Amino acid sequence: MSRSISPADDMHAPGRKVGLDEVPIVDFAPYLSGDPDGERRVVAEVDHALREIGFMYVRNVGFPAALRDDTFAAMRRFFARDAGYKQRLAWLTPESNRGYVGPGVQALDPRRPGDLKEAFDTGAEAQGADAAHVPSNRWPADDPSLRATVLAYYEASLAAAKIILSAMERALSIAPGTFTATHDAYANTLRLLHYPPVPHAGPQENQIRAGAHTDFGSITLLSQHGEGGLEVRNKRGEWLMAPAINDAMIINTGDCMQRWTNNVFRSTGHRVALPNGVDTNTSRYSIAFFCSPAADTTIECLPGCERADGSAIYPPITAGKHILKRLNETYGTRDKARK
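Following this line, the structure appears as structure tokens:
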């Protein structure tokens with residue numbers, strides 16, 4: 001769930017190798033150990049990363065490695081099915097934001113052809129009274145293991161996100177629960193992503209795997225599986241390659257968090273390009289957990305994040321309106337392609 005960035009931000013030049021001083025690795029083990037000095041050190045590292053580039057790798061946030069591997073195996077099986085099978089589970093509306101999205105349907109940069117990817121969007125499953133207000137997932141009837149594995153991954157992602165959000169609260173010196181209590185089980189999206197091999201004839205002009213964009217939730221937790229391709233744009237406008245690190249997830253802040261913090265934490269442009277040196281004849285797989293506040297949460301400048309004159313950059317908006325606006329921007333021009 002993302003928005004495009006300006007044309008000048010999305011050039012074809014390949015990114016350079018990232019330096020850990022630019023996209024750091026933050027080990028959360030000291031934060032969870034109960035040692036006050038370790039906690040303060042991790043909070044300072046998170047604060048620096050999100051202020052400077054809006055991206056970081058994280059380790060030891062309690063995410064089971066075996067579950068990650070199982071989910072990648074399950075999604076490979078799903079994406080290997082034929083187009084007709086997957087299309088029966090198609091994504092239908094921005095309001096539901098659930099189901100299969102075929103190649104070229106979404107354009108993260110609406111000035112470009114559709115992205116060279118396919119996706120499967122899921123969310124939490126509500127019980128009781130909540131069920132009437134929570135979109136239904138669109139699972140394949142003949143693969144119950146996909147549902148079980150993906151829902152387990154969703155729950156583990158939410159738990160990890162709450163740990164990271166709590167460190168962000170401390171970094172901003174705001175009340176505990178400001179983030180953790182407003183991010184409930186139902187406002188998030190877990191997206192399975194497959195970037196198929198690029199045809200030998202090549203893509204359309206200006207077409208890449210995922211156009212330059214920023215995410216528009218609070219934070220995104222991204223797992224990559226071996227293959228590279230993700231690039232992050234730094235303050236100097238340079239594209240940095242952010243390779244997969246097997247024991248680490250990539251975390252980035254989105255537009256909602258940037259707005260909430262009055263630009264203290266950065267929502268940084270990124271893309272999945274076709275740079276030199278990457279074998280585009282192989283598939284790329286990744287899993288993105290887009291963590292967002294509950295729809296009725298008011299997103300307005302947090303205490304302590306005001307500008308020097310005490311003002312806010314953005315007017316208040318509810319999280320639900322913010323998310324829906326962004327979804328319409330990236331899907332709105334391609335309604336016919338889904339039907």
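Everything in the sequence shown is counted per the UniProt record's numbering, starting at 1 for the first residue and increasing by one.
For every residue, glycine included, the Cβ atom is placed at its ideal position computed from N, Cα and C.
Predicted model only: the values in this text are computed from it and were never measured.
The Cβ atoms of Pro293 and Thr182 sit closer than 7 Å to each other. In the structure shown, the three-state DSSP call for Trp239 is strand. Phe63 is not bridged by DSSP to any residue. The Cβ atoms of Tyr57 and Ile245 lie closer than 7 Å to each other.
Membership of Asp121 in the beta strand (DSSP E) is indicated by the continuous run Glu118 to Thr122. Between the stretch 247-267 and the stretch 125-133 there are fewer than three inter-stretch CB-CB distances shorter than 8 Å, so the stretches are not counted as touching. Residue pairing by DSSP places Leu192 opposite Phe120 and Ile287 in a beta bridge. The three-state reading of DSSP puts Tyr85 in helix, counting H, G and I together. Here Gln224 is bridged, per DSSP, to Ser286.
The secondary-structure analysis by DSSP pairs Asp143 with nothing; it has no beta-bridge partner.
Under a 10 Å Cβ-count criterion, Arg77 is classified as exposed, with fewer than 16 other Cβ atoms of the shown protein chains found around its own Cβ. The beta-carbon distance between Ile299 and Arg259, rounded to whole angstroms, is 6 Å. This is short enough to meet the 8 Å contact definition.
In the three-state reduction of the DSSP assignment, Leu327 falls in the helix class. DSSP places His183 in the coil class of the three-state scheme, outside both helix and strand. Residue Ala185 holds the alpha-carbon nearest to the alpha-carbon of Gln127 among Tyr100, Met75 and Ala185. Within the stretch 20-51, the complete beta strand (DSSP E) segments of 3 residues or longer fall at 25-27, listed in chain order. Residue environment analysis places Lys325 among the exposed positions, since fewer than 16 neighbouring C-beta atoms fall within 10 angstroms of its C-beta. Rounded to the nearest angstrom, the Cβ distance from Tyr285 to His194 is 6 Å, consistent with a contact under 8 Å.
Minimum Cα-Cα distance from Ala119 among the listed residues Glu125, Val101 and Ala129 corresponds to Val101. Shown here, Thr253 sits in a strand according to DSSP, grouped into three states. In this structure, DSSP gives Glu125 a state outside helix and strand, which the three-state scheme calls coil.
Only residues of its own chain outside the window of five on either side were considered, and among them Ala156 have a CB closer than 7 Å to the CB of Pro64, listed in chain order. For a cut-off of 8 Å, the C-beta gap from Pro103 to Lys117 is around 7 Å, short enough to register as a contact.
When rounded, the separation of the alpha-carbon atoms in Val46 and Leu230 is 21 Å. In this structure, DSSP gives Phe55 an extended state, which the three-state scheme calls strand. For Leu151 and Ala242, the gap between their C-alpha atoms comes out near 27 Å.
Close CB contacts of Pro24 within its chain, under the 8 Å cut and outside five residues either way in sequence, are with Glu45, His48, Ala49, Met56 and Tyr57 (chain order).
Leaving aside the five residues that flank Phe289 on each side, the residues in its chain whose CB is nearer than 6 Å to its CB run, in chain order, Ser157, Leu190 and Leu221. Looking only at Ser166, Lys321 and Thr149, the smallest Cα-Cα distance to Glu39 is reached by Ser166.
Burial of Arg271 is indicated by the presence of at least 16 other C-beta atoms within 10 angstroms of its C-beta. Boundaries of the beta strand (DSSP E) around Leu230: Leu230 to Arg233. Setting aside the 5 residues that flank it on each side, Ile53 is surrounded in the same chain by Glu22, Val23, Val232, Asn234, Lys235, Arg266 and Thr268, each with a C-beta closer than 8 Å to its C-beta; the list follows chain order. Per the coordinates, the alpha-carbon of Tyr154 lies some 18 Å from the alpha-carbon of Arg59.
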